[in-house]
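Below you'll find the structure, written out as structure tokens, and then a few comments.
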Amino acid sequence: MANSIETKNEIKKRRTFAIISHPDAGKTTLTEKFLLYGGAINTAGSVKGKATAKHAVSDWMEIEKQRGISVTSSALQFHYDDCCINILDTPGHQDFSEDTYRTLMAADSAVMVIDASKGVEAQTKKLFKVCRMRHVPIFTFINKLDRDARDTFELLEDIEQNLGIETCPMNWPIGSGKNFKGIYDRQEKKIVTYSGTEKGTRQGEETFIDLHDKALTAKFIGEEAMD
Numbered sequence: 010m011a012n013s014i015e016t017k018n019e020i021k022k023r024r025t026f027a028i029i030s031h032p033d034a035g036k037t038t039l040t041e042k043f044l045l046y047g048g049a050i051n052t053a054g055s056v057k058g059k060a061t062a063k064h065a066v067s068d069w070m071e072i073e074k075q076r077g078i079s080v081t082s083s084a085l086q087f088h089y090d091d092c093c094i095n096i097l098d099t100p101g102h103q104d105f106s107e108d109t110y111r112t113l114m115a116a117d118s119a120v121m122v123i124d125a126s127k128g129v130e131a132q133t134k135k136l137f138k139v140c141r142m143r144h145v146p147i148f149t150f151i152n153k154l155d156r157d158a159r160d161t162f163e164l165l166e167d168i169e170q171n172l173g174i175e176t177c178p179m180n181w182p183i184g185s186g187k188n189f190k191g192i193y194d195r196q197e198k199k200i201v202t203y204s205g206t207e208k209g210t211r212q213g214e215e216t217f218i219d220l221h222d223k224a225l226t227a228k229f230i231g232e233e234a235m236d
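So the mapping is simple: this note's numbering equals the position in the sequence shown, first residue as 1, plus 9.
Rendered as structure tokens:
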């Protein structure tokens with residue numbers, strides 16, 4: 010009995026999720042950020058590694074490093090908040106989709122990454138359909154908000170119409186592109202800004218701002234964003 014209870018407790022501590030998306034939506038880059046903020050690595054790598062930057066941890070094959078694409082699924086593990094997290098980084102390109110379909114069988118849930126400038130794309134729809142058939146819960150992450158992005162309401166409508174689901178944003182972006190300031194955490198009712206990330210390679214310093222502190226809010230996000 011003791012062993013059975015211990016086993017159940019250990020199972021509760023484990024979370025395995027797959028990251029899915031259309032090619033170039035930022036899936037592998039997001040995986041690197043999970044590893045960085047989870048304490049598994051000190052510096053986040055680059056998908057298309059420059060001479061001065063290391064490659065992404067999950068892109069371990071030489072062809073992946075050279076072409077900047079994920080060819081096979083990668084399983085990565087780290088501990089966070091007393092939980093054992095298993096990330097399954099999957100290929101986005103259609104040529105390797107069979108590997109992605111098999112990987113989804115091992116996932117408890119999936120993170121669906123969407124490019125903020127493009128919205129729902131063809132491969133996203135296919136992978137979403139597979140998740141729905143297998144009753145895999147999905148959390149959507151809208152990526153690349155620090156680049157030119159579509160209107161947030163337009164993106165939510167795109168997701169609802171193309172995938173047939175209702176959206177419930179947990180965070181709300183403040184600005185986009187060069188004017189991206191951070192996010193508003195709807196659960197905590199606070200604004201979160203980041204600094205010192207060294208172009209995304211380092212874990213940044215988080216600043217939490219109470220929305221009622223108008224002077225501090227204006228200092229960090231500007232008067233225009235407040236309006």
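Note that beta-carbon positions come from the ideal geometry of N, C-alpha and C, so glycine has one too. Everything numeric in this text was worked out from a predicted model, so none of it was measured.
Inter-stretch contact (C-beta, 8 Å, three-pair minimum) for the segment 110-117 and the segment 37-49: no
Since F189 sits in a beta bridge, which residues does DSSP pair it with? As a first step, residue 189 is located in the sequence shown; it is residue number 180 there, counting from the start. Answer is none; F189 lacks a bridge partner.
At the level of alpha carbons, what is the spacing between G186 and I14? Looking up residue 186 in the sequence shown gives position 177. Looking up residue 14 in the sequence shown gives position 5. Spanning the two alpha carbons is a distance of roughly 50 Å.
By DSSP's criteria, G128 is part of a beta bridge. Which residues make up the other side? Start at 1 with the first residue of the sequence shown, and residue 128 comes out as number 119. Paired residues: D124.
Can you give me the C-alpha to C-alpha distance between E130 and K138, rounded to a whole angstrom? Position 121 of the sequence shown holds residue 130. Position 129 of the sequence shown holds residue 138. Roughly 13 Å separates the two Cα atoms.
From what residue to what residue does the alpha helix (DSSP H) around K208 run? Position 199 of the sequence shown, counting from 1, holds the residue named residue 208. Unbroken run through K208: none, as it is neither H nor E.
E15 (DSSP reduced to helix, strand or coil): One-based indexing of the sequence shown puts residue 15 at position 6. Helix at E15.
Q170 bridges to which residues according to DSSP? On the sequence shown, position 161 is the one that residue 170 refers to. Per DSSP, none; premise fails for Q170.
Between S30 and D124, what straight-line distance do the alpha-carbon atoms span, to the nearest angstrom? The count along the sequence shown starts at 1 and reaches residue 30 at position 21. The count along the sequence shown starts at 1 and reaches residue 124 at position 115. Going by the C-alpha atoms only, they are around 9 Å apart.
Report the rounded CA-to-CA distance for V201 versus F189, giving the unit in angstroms. Walking along the sequence shown from the start, residue 201 turns up at place 192. Walking along the sequence shown from the start, residue 189 turns up at place 180. Using only the alpha carbons, I get a separation of about 12 Å.
With a 10 Å radius around its C-beta and 16 neighbouring C-beta atoms as the bar for buried, classify E197 as buried or exposed. Translated into positions along the sequence shown, residue 197 becomes position 188. Classification of E197: exposed, given that the 10 Å Cβ count is below 16.
Please look up how many angstroms separate the CB atoms of L154 and P182, rounded, as I've assumed it's under 8 Å. Mapped onto the sequence shown, residue 154 falls at position 145. Mapped onto the sequence shown, residue 182 falls at position 173. Contact flag correct, Cβ pair sits at about 5 Å.
8 Å Cβ shell around R156 - same chain, five flanking residues per side excluded: Your numbering for residue 156 matches position 147 in the sequence shown. A125, S126, S185, G186.
CB-CB under 8 Å to L164, same chain, minus the five flanking residues each way: which ones, in chain order? Position 155 of the sequence shown, counted from the first residue, corresponds to residue 164. So the list reads I123, A125, G128, I151, A158, once near-sequence residues are dropped.
CA-to-CA distance, Q132 to D33, given in whole angstroms: Within the sequence shown, the letter at position 24 stands for residue 33. Within the sequence shown, the letter at position 123 stands for residue 132. Approximately 11 Å, taken between the alpha carbons.
Which residue comes first and which comes last in the alpha helix (DSSP H) that contains E215? Residue mapping note: residue 215 aligns to position 206 of the sequence shown, counting from 1. Per DSSP, E215 belongs to no alpha helix (DSSP H); it is in the beta strand (DSSP E), 214-219.
If you run the structure through DSSP and keep just helix, strand and coil, what is A224? Along the sequence shown, one-based indexing puts residue 224 at 215. A224: helix per DSSP, three-state reduction.
Using only the alpha-carbon positions, how far apart do T149 and D222 sit? Mapped onto the sequence shown, residue 149 falls at position 140. Mapped onto the sequence shown, residue 222 falls at position 213. Distance between the alpha carbons of T149 and D222 is about 30 Å.
For D237, which of helix, strand or coil comes out of DSSP? Since the first and last residues shown for the chain are 10 and 236, residue 237 lies out of range.
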